[in-house]
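*Asks:*
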Amino acid sequence: MIHDTQSRQKDGDNMNTNTKSLVLSFIVPLMILLTRPLGLSMDQSVVLAALLLTLTLWVNKTVDRTYSSLFLIMVFLLFGNTPLERVFTFPLSDNFLLIVLSFLFSEGIVKSRLIDKLLKPYIGYYATSLPRLFLSIWLISLIMIFIIPQPFIRLILLGTIFREYLIGEDIEDDAKEPILLGVFLIAIVTNTFFLKGDIIMNPALISMSGIQISPDQWTRFFLPPGLVHLLFLLSVFSFLHRKELKGYVKRSEEMPSIQLYKDDLKRLILVLIPLIFWALESLHPIPGTYVILVGVILMYLGGILSLKDLGSIQWSLLIFLTATFSIGPVMSGSGTAQILFGELEPIFPQEYSLFMLLAVILASMVIHMVLGSIVTTMSVVLPGMALLIEGAMSPILMSLIVFITLALHFILPFHSVHLVVGEGYGFFTQERVIRTGIVLTVVILISLFVIYIPWWHFVGLS
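Read in order, the letters of the sequence shown correspond to residues 818 to 1279 in my numbering.
1) To which residues of the same chain is M1025 closer than 7 Å at the C-beta, ignoring the five residues directly before and after it?
2) Could you compute how far the alpha carbon of T899 sits from the alpha carbon of V864?
3) The alpha helix (DSSP H) that contains A1176, what's its start and end?
4) Would you report the Cα separation of H1058 and P995, rounded to the nearest angstrom?
5) Evaluate D1015 with the Cβ neighbour count: other Cβ atoms within 10 Å of its Cβ, from every protein chain shown; 16 or more gives buried, anything less gives exposed.
6) Check for me: the alpha helix (DSSP H) holding H1226 runs from which residue to which?
7) Look up T945 in the DSSP assignment and say whether it is helix, strand or coil.
8) For the alpha helix (DSSP H) containing T871, name the first residue and the last one.
9) Could you check if T836 is buried or exposed, using at least 16 other CB atoms within 10 Å of its CB as the buried criterion?
10) Determine contact between the stretch 1049 to 1058 and the stretch 875 to 890, defined as no fewer than three beta-carbon pairs at a distance below 8 Å.
11) Decide if I916 is buried, meaning its Cβ has at least 16 other Cβ atoms within 10 Å, or exposed.
12) Check whether the Cβ atoms of F969 and V1238 lie closer than 8 Å to each other.
13) Got a sec? Which residues, its chain only, sit under 6 Å from E989 by beta carbon, not counting five neighbours each side?
14) What do you reckon, are the CB atoms on L869 and V845 nearer than 8 Å?
15) Is the beta carbon of N877 closer than 8 Å to that of S919?
16) Hey, out of I1218, A992, M1072, whose CA is closest to L950's CA?
17) When the Cα atoms are used, what is the spatial distance from G1152 to Q861?
18) Is T871 close to chain B, meaning its C-beta is less than 8 Å from at least one C-beta of that chain?
19) List the endpoints of the continuous alpha helix (DSSP H) containing H1274.
20) Classify A1209 as helix, strand or coil using the three-state DSSP reduction.
21) Starting from G776, trace the alpha helix (DSSP H) in both directions and tell me its first and last residue.
22) Start and end of the alpha helix (DSSP H) containing V892?
23) What is the DSSP secondary structure of H1046, reduced to helix, strand or coil?
24) Just mark R1084 as buried or exposed, buried being the case when its beta carbon has 16 or more other beta carbons within 10 Å.
25) Three or more beta-carbon pairs under 8 Å between the stretch 1124 to 1137 and the stretch 1228 to 1247, yes or no?
26) In its own chain, which residues sit with a C-beta less than 6 Å from the C-beta of I1263, not counting the 5 before and 5 after it?
27) Anyone know if the C-beta pair for E924 and S1129 falls short of 8 Å?
28) Hey, I1184 and F1158: beta-carbon distance below 8 Å or not?
29) Going by CA-CA distance only, name the one from G1105, A1154, P1073 that's closest to Y942.
30) Around the C-beta of G999, are 16 or more other C-beta atoms found within 10 angstroms, so that it is buried, or is it exposed?
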């Protein structure tokens, strides 16, 4: 009886807390609607208020994320003054079908048990300490860049490989979540090393900035400082999560002996066929979407997948991604982003200096915090910043600073679509992302001033 009373009291307290959080979530949005600051029109005020309300609901989780995402999409459709195809830029893109198929493809790889037979033994043999584990993650991430062009699917498969590895090892549960977040952070940084590391975000820098960077130049600009930054990031990350990561304890194992039976070889062939075609995408006319579609069909025909595996498609994550990708186009299309950006002009330094560099970085971060999408934020920041720094800073230096700031900076998962996918897959929680993102924001600032910008000066950019 006492236990039941305490349980009811606890549930009541949680309900009161959620109600208070929900009520508080409306205060700032209502103020925006009533005051219409910065000369915003009514439609722009509604768009900004709805965005801030939705972001708050995503953080405090008082409303299911699917419902709050649908609310934001509805407001954007009614008040965003943005074409329908731009609001639904994600579901109308090739990436939508690729990600839907990737749910099934990665599920097929797990069910094939090839990770258990081919990768787990070697990861377990080598990764006997945390630094060795991180090195294993980095090497596999690096290799996969040249096998799987699409970065989202590459990350899903990479996360799946190491989640399955950790599940099969006698490792404390508390250590698994930060390690899986570490997988994504390592991959995000590694993707910046090569022009083909992210076939969506990296080419967008070239097209939006108007600067010409060859693949070799890209590697020279980003690989050396990126490696130093990655070591710095992992050092801070390991210290931040040191209590949980102490749970990664591995004893040395003997060199694994791989045994594949007839069924294993059949599954391996079914998995390798699409991966080989994907790796050789530049040599044939078949788009990656069709390659993975054929791969999924082969998995069904080969008995690896069944109809019940359609349940592995996470529709709630797809709705969230639709809302996330719509933010940038609607904020730009409605003119709201331009008004917010224009407020920075009077306080922006006019001469090249430490303060101008800091202004470029912080302005990029602030706008990224609102827009979320890296590509969309670049589309707003790069042309606006070009006007603000004209004649004071090299356009290519400014563009590289903006790019690396946006590529590495996050507080919430929606600030990086890669983290949205990772959190949606259950690899790690939003709370873990926020806690890590706040600290890594400082790491990024230090890396920019101590590693990246000095290196770019060294190679002749100024």
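C-beta atoms are modelled at their ideal positions from N, C-alpha and C, and glycine is treated no differently.
No experiment lies behind these values; they were computed from the predicted model shown.
*Replies:* The structure says:
1) In the sequence shown, counting from the first residue as 1, residue 1025 sits at position 208. Answer for M1025: M1195, S1196, L1199, listed in chain order.
2) Mapped onto the sequence shown, residue 899 falls at position 82. Mapped onto the sequence shown, residue 864 falls at position 47. Each residue's Cα considered, the two are about 11 Å apart.
3) Within the sequence shown, the letter at position 359 stands for residue 1176. Start and end: 1171 to 1188.
4) Locating residue 1058 in the sequence shown gives position 241, counting from the first residue. Locating residue 995 in the sequence shown gives position 178, counting from the first residue. In a straight line, the C-alpha of H1058 is about 7 Å away from that of P995.
5) Indexing the sequence shown from 1 puts residue 1015 at position 198. Under this definition D1015 is a buried residue.
6) Taking the sequence shown and counting its residues from 1, one reaches residue 1226 at position 409. Per DSSP, H1226 belongs to no alpha helix (DSSP H) and is neither H nor E.
7) Indexing the sequence shown from 1 puts residue 945 at position 128. In this structure, T945 counts as coil in the three-state DSSP scheme.
8) To locate residue 871, count along the sequence shown from 1; it is residue 54. It spans 859 to 877 - the alpha helix (DSSP H) in which T871 sits, taken as one unbroken run.
9) For the purposes of this step, residue 836 is taken as residue 19 along the sequence shown, with counting starting at 1. Exposed, since its Cβ has fewer than 16 Cβ neighbours within 10 Å.
10) no
11) Position 99 of the sequence shown holds residue 916. Buried.
12) Numbered from its first residue, the sequence shown carries residue 969 at position 152. Numbered from its first residue, the sequence shown carries residue 1238 at position 421. Cβ distance < 8 Å, so F969 and V1238 count as in contact.
13) Working through the sequence shown from its first residue, we reach residue 989 at position 172. Around E989: G1064.
14) As a working mapping, residue 869 is identified with position 52 in the sequence shown. As a working mapping, residue 845 is identified with position 28 in the sequence shown. The beta carbons of L869 and V845 sit closer together than 8 Å.
15) Walking along the sequence shown from the start, residue 919 turns up at place 102. Walking along the sequence shown from the start, residue 877 turns up at place 60. No, the pair does not count as a contact, with Cβ atoms beyond the cut-off.
16) In the sequence shown, counting from the first residue as 1, residue 950 sits at position 133. The candidate whose alpha carbon is nearest that of L950 is A992.
17) Here the question's residue 1152 lines up with position 335 in the sequence shown. Here the question's residue 861 lines up with position 44 in the sequence shown. Between the C-alpha atoms of G1152 and Q861 there is a straight-line separation of about 7 Å.
18) Judged by its chain identifiers, the structure shown contains no chain B, having just a single protein chain.
19) Within the sequence shown, residue 1274 is the residue found at index 457, counting from 1. Segment 1270 to 1275, the alpha helix (DSSP H) holding H1274.
20) Along the sequence shown, one-based indexing puts residue 1209 at 392. DSSP places A1209 outside both helix and strand once states are collapsed to three, so it counts as coil.
21) The chain is shown only over 818 to 1279; residue 776 falls outside these bounds and no answer can be derived.
22) Counting from 1 along the sequence shown, the entry for residue 892 is found at position 75. Run containing V892: 882 to 896, per the alpha helix (DSSP H) assignment.
23) For the purposes of this step, residue 1046 is taken as residue 229 along the sequence shown, with counting starting at 1. DSSP places H1046 within a helical segment (H, G or I) once states are collapsed to three.
24) The residue you call residue 1084 lines up with position 267 of the sequence shown. Buried, by the Cβ-count rule.
25) Using a C-beta cut-off of 8 Å, the stretch 1124 to 1137 makes contact with the stretch 1228 to 1247, since at least three inter-stretch Cβ pairs fall below that distance.
26) Residue numbering aside, residue 1263 sits at position 446 when the sequence shown is read from its first letter. Contacts found: none.
27) Here residue 924 corresponds to residue number 107 of the sequence shown, with the count starting at 1. Here residue 1129 corresponds to residue number 312 of the sequence shown, with the count starting at 1. For E924 and S1129, yes; Cβs fall inside 8 Å.
28) Along the sequence shown, read from residue 1 onward, the residue named residue 1184 stands at position 367. Along the sequence shown, read from residue 1 onward, the residue named residue 1158 stands at position 341. For I1184 and F1158, yes; Cβs fall inside 8 Å.
29) Your numbering for residue 942 matches position 125 in the sequence shown. Minimum Cα distance to Y942 is reached at P1073.
30) Within the sequence shown, the letter at position 182 stands for residue 999. G999 is buried by the Cβ-count criterion.
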